[in-house]
Amino acid sequence: MRTRRVPICALVSGGLDSAVLLHRLLEDGHPVLPLYLRCGFRWERAEVYWLRRFLAATRAPRRMPIAIIDLPLRSVYGAHWSLTGRRIPGPSSPDSAVYLPGRNLLLISAAALVCVRRRISTIALGILKGNPFGDASPRFFAQLAASLSEALGRPLRILSPIARVSKAQLLCRAQQLPLALTFSCLNPRGRFHCGRCNKCAERQRAFRLASVPDLTRYA
Numbered sequence: 004m005r006t007r008r009v010p011i012c013a014l015v016s017g018g019l020d021s022a023v024l025l026h027r028l029l030e031d032g033h034p035v036l037p038l039y040l041r042c043g044f045r046w047e048r049a050e051v052y053w054l055r056r057f058l059a060a061t062r063a064p065r066r067m068p069i070a071i072i073d074l075p076l077r078s079v080y081g082a083h084w085s086l087t088g089r090r091i092p093g094p095s096s097p098d099s100a101v102y103l104p105g106r107n108l109l110l111i112s113a114a115a116l117v118c119v120r121r122r123i124s125t126i127a128l129g130i131l132k133g134n135p136f137g138d139a140s141p142r143f144f145a146q147l148a149a150s151l152s153e154a155l156g157r158p159l160r161i162l163s164p165i166a167r168v169s170k171a172q173l174l175c176r177a178q179q180l181p182l183a184l185t186f187s188c189l190n191p192r193g194r195f196h197c198g199r200c201n202k203c204a205e206r207q208r209a210f211r212l213a214s215v216p217d218l219t220r221y222a
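Just so we're aligned, residue 4 is where the sequence shown starts under this note's numbering, counting upward by one.
Here it is in structure tokens:
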């Protein structure tokens with residue numbers, strides 16, 4: 004007798020990581036709610052466009068319709084580069100340059116409220132191996148899950164199922180997906196990757212290391 008899989012809320016962007024996360028959860032048999040939190044970042048218009056295209060190209064019976072929730076951060080972040088577009092981290096910048104303060108804390112807290120309303124008890128994120136930030140560690144997720152469970156009066160789990168996988172390894176395992184329909188850029192030109200920011204460089208490097216053809220259109 005097949006075990007019934009629990010529904011999962013997957014935090015998605017338009018990027019490679021969350022696209023593969025979503026595919027993996029569905030392959031494992033879970034009903035999945037893709038949740039996108041719109042914070043006002045300068046890349047979101049392009050990101051949502053490509054996310055919708057990816058979802059349309061990878062239809063799955065257990066995937067629920069995408070939920071898009073507005074969580075504006077302009078009054079919190081102020082004149083941050085993610086909102087102003089000034090001094091966007093370039094291709095040679097370190098990983099720390101793209102840190103968005105408290106982003107996972109905010110996104111997961113908002114997702115928890117959505118989950119309680121929809122009677123979903125599990126939240127999944129596409130955190131990858133080597134993520135250096137404190138709000139992406141197993142300890143942080145365990146502590147936050149405990150705090151949210153107590154605050155909301157409902158048990159909640161936070162999972163990061165691909166946390167032991169590098170981006171290059173991820174690409175090797177996901178070649179059957181329409182990877183060209185994913186989006187990973189901090190400074191898009193219209194709907195296309197700029198090809199010159201930190202995230203574009205990371206994307207290009209991962210495709211090279213994985214020896215997977217990069218069909219991304221760069222401006």
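A virtual CB, placed ideally from N, CA and C, is assigned to each residue, including glycine. This one's a predicted model, so the numbers in the text were calculated from it and none came from an experiment.
Legend entry - Three or more C-beta pairs below 8 Å linking the stretch 35-43 and the stretch 131-142: Not touching, per the Cβ criterion.
Legend entry - Unbroken stretches of the alpha helix (DSSP H), 4 residues or longer, contained in the stretch 94-180: 106-121, 141-155 and 170-176
Legend entry - Nearest residue (CA-CA) to Gly88, options Asp73, Arg121, Arg106 and Glu47: Glu47
Inset, instruction - Pick out whichever of Ala127, Arg167, Ser85 and Leu218 has its Cα sitting closest to the Cα of Asn201. - result: Ser85
Inset, instruction - Check whether the stretch 152-163 touches the stretch 176-186, taking contact to mean three or more Cβ pairs, one atom from each stretch, closer than 8 Å. - result: no
Inset, instruction - Taking the CB atoms as reference points, tell me whether Ala266 and Leu14 lie closer together than 8 Å. - result: Outside the modelled stretch of the chain, which goes from 4 to 222, sits residue 266, for which no answer is possible.
Inset, instruction - Please name the residue in Leu29, Ile72 and Ala100 whose C-alpha comes closest to that of Ile11. - result: Leu29
Inset, instruction - Ignore the nearest five residues each way along the sequence and tell me which others in Met67's own chain have a CB closer than 6 Å to its CB. - result: Within its own chain, the residues whose Cβ lies closer than 6 Å to the Cβ of Met67, once the five positions on either side in sequence are excluded, are Leu36, listed in chain order.
Inset, instruction - Keeping to the same chain, check which residues put their C-beta closer than 7 Å to that of Arg5; ignore five residues upstream and five downstream. - result: Any reading at Arg5 is ruled out, since the residue's pLDDT is 49, under 50, leaving its predicted position unreliable.
Legend entry - For Arg5, three-class secondary structure by DSSP: Residue placement at Arg5 is poorly supported in this model, since its pLDDT is 49, which falls under 50; the coordinates still yield a value, given next. Residue state, collapsed to three classes: coil.
Legend entry - Residue interval of the beta strand (DSSP E) (run including Leu40): Val35 to Arg41
Inset, instruction - Answer with buried or exposed for Arg27, where buried requires no fewer than 16 other C-beta atoms within 10 angstroms of its C-beta. - result: buried
Inset, instruction - For Gln178, collect the residues of the same chain with a Cβ closer than 7 Å to its Cβ; drop the 5 residues on either side in sequence, then sort them by chain order. - result: The residues are Val215.
Inset, instruction - Report, in whole angstroms, the separation of the C-beta atoms of Gly32 and Arg8, which I expect to be a contact under 8 Å. - result: 4 Å
Inset, instruction - Measure the beta-carbon distance from Ala204 to Leu174 and round it to whole angstroms, keeping in mind my assumption that it falls under 8 Å. - result: Not really, about 15 Å apart at Cβ, beyond 8 Å.
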